[in-house]
Structures are given as C-alpha cells and as structure tokens.
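Using the numbering used here, the letters of the sequence shown correspond one by one to residues 884 to 1078.
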Amino acid sequence: MQRRFAIIGHRAQSNGKLNLNDLAGASGRMDVLVRAVSSALFISHGMRKDCHITLHLMGGPGVPRRIWFDSRNLIGLHVDDRAIAGRISKILQEPSPARGQLVEFSPGLWHSGGDIETTLEEWKKEDVQLLVLDADAPPLSNVEAEKVGFILSDDLPFSDEESDLLAKLEKKSIGQTWLQGHSAITVVHHILDQS
Ligand SMILES: C[S@@+](CC[C@H](N)C(=O)[O-])C[C@H]1O[C@@H](n2cnc3c(N)ncnc32)[C@H](O)[C@@H]1O
C-alpha cells in the first residue's frame, strides 16, 4: 500500500535564505517539518519503498510553496535533520512554481505552488483515501485502499479555514494523547505495518 503524508507548516518559511541554525525560530518551526520527513521516509537502514510526504510551507515571505518527497525516486537524501533542512534550503532559493505546477528539483524531490486544498484536489484525482489525523477521532486500524493519504498539522491546530476544508473527510486517531507530528507519523507506520 502506498502511504502519503501531508503536513501543514503554518509559519514555515516558503522563500529565501533558510537559517539552518534556527529552524525552530526564524524558519517558522521548519524543525517540525524536517522531523516529519525523517519519520515518514526513513527506516533503520534506508528508506521506505513507496512513501510520500508533502510539506506545506505557508509562512512566507511571498506565496506558499509545497515540497514533495517521493521515496520511489529519491536519491542522496540523508536521514540527519540538517541534511534534510539543507535540501529544503536549496529549494527555497528557487522561485516558487505556480499553484499546481510541479517542478522536479532533483530525483524524487519536487516543489509546487499551492496549499493543502491543492494537495487534496490532486490526491482525490489519484484515488487516494484521505484520512485526517485527530486524537479525538475513532482509532486507526488497518486500511484496505491501495493508496492512503494522512493529513496532519504542525505544532498548531488546523486553522478555521483548514478545518472547514477537512470537515467532510474521515478522521482517525492513533491514541488519545496528542503527540508531536513526527511521532504521530511513526505510530501510523507502526499500525499499518501490522496489517
Ligand atoms: C503536535 S500535533 C498538533 C497539536 C495541536 N495543538 C492541535 O491541537 O491540533 C500535530 C499533529 O499530529 C497529529 N496527531 C498528534 N497526535 C495524534 C493522535 N493521538 N491521533 C491522531 N493524530 C495525532 C494531528 O494531525 C496533529 O495535527
């Protein structure tokens, strides 16, 4: 089964020079997104075979940008946070593509304009089962679909606008305790690995 994750970085920097020494502050909690990439893609020795994560950098300056890591083709990405942040930093030097226009930056690493609404539109067209991660929802168990996409937030709750957009989607919990996003991704993998 193909697994996808979409994480919204509400304050995450979308353009310009990224301060690799201050990912948690000046970069708008980019550290949260970097850890999410690591948890989504990496296993003990190497990378999951068919796993995607799309970061939504909503913090400006300028227009939002999405960065899509596709484990099927990714090469040369190292697991350490600074290396992942370094890749993101190089992409932020490029002009942000138009909404929905996917530009391959390097093998398996793409960027595009748009926001979570754009990602959901794309995933629906690709028959991805959409599940919003929410501690207060019914528990996640096994998933039958060939492609499943999980939506999560960074350290902030979903905005009112995002909540409206996600309201009609199915919600699933991985436990009653709210975890950090990267931990939630690890637990999702653990649950799906059992089935
Ligand atoms: C740090 S949490 C966000 C906490 C934020 N204060 C809130 O109220 O949404 C990051 C994301 O991880 C996911 N998450 C964390 N714990 C979870 C749980 N127990 N079950 C399902 N999803 C969870 C949610 O999608 C959440 O948006």
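No residue lacks a Cβ here, since even glycine has one placed at the ideal position from N, Cα and C.
| Query | Result |
| --- | --- |
| Given the structure, does G1058 come close to ligand 3, in the sense that its CB is under 8 angstroms from one of the ligand's heavy atoms? | Judged by which ligands are present, ligand 3 is missing from the structure shown, whose ligands are ligand 1. |
| Does the count of Cβ pairs from the stretch 915-925 and the stretch 1039-1050 closer than 8 angstroms reach three? | no |
| Starting from the Cα of R970, find the closest Cα among V1070, D1037, N902, S1024 and give me that residue. | N902 |
| CB of D1010 to nearest heavy atom of ligand 1: below 8 angstroms? | no |
| Taking Cβ positions, are V917 and I967 nearer each other than 9 angstroms? | yes |
| CB-CB under 6 angstroms to Q885, same chain, minus the five flanking residues each way: which ones, in chain order? | D933, K1030 |
| Could I get the ranges of all uninterrupted alpha helix (DSSP H) runs contained in the stretch 888-926, with 4 residues as the minimum, in chain order? | 913-924 |
| So what does DSSP say about E1053, is it helix, strand or coil? | strand |
| Between G943 and the rest of its own chain, which residues show a CB-CB distance below 8 angstroms, the 5 nearest in sequence each way excluded? | Q896, S897, N898 |
| Please report how far the alpha carbon of L975 lies from the alpha carbon of G945, in whole angstroms. | 11 angstroms |
| Can you say whether W1061 is buried or exposed, counting buried as having 16 or more other CB atoms within 10 angstroms of its CB? | exposed |
| Using the Cβ count rule (16 or more neighbours within 10 Å means buried), how would you classify I999? | buried |
| I'd like to confirm the pairing. Which residues does DSSP put opposite K1030 in its beta bridges? | Q885 |
| Can you check whether the CB of L938 is closer than 9 angstroms to the CB of G892? | yes |
| In angstroms with no decimal places, state the Cα-to-Cα distance between E1009 and G991. | 18 angstroms |
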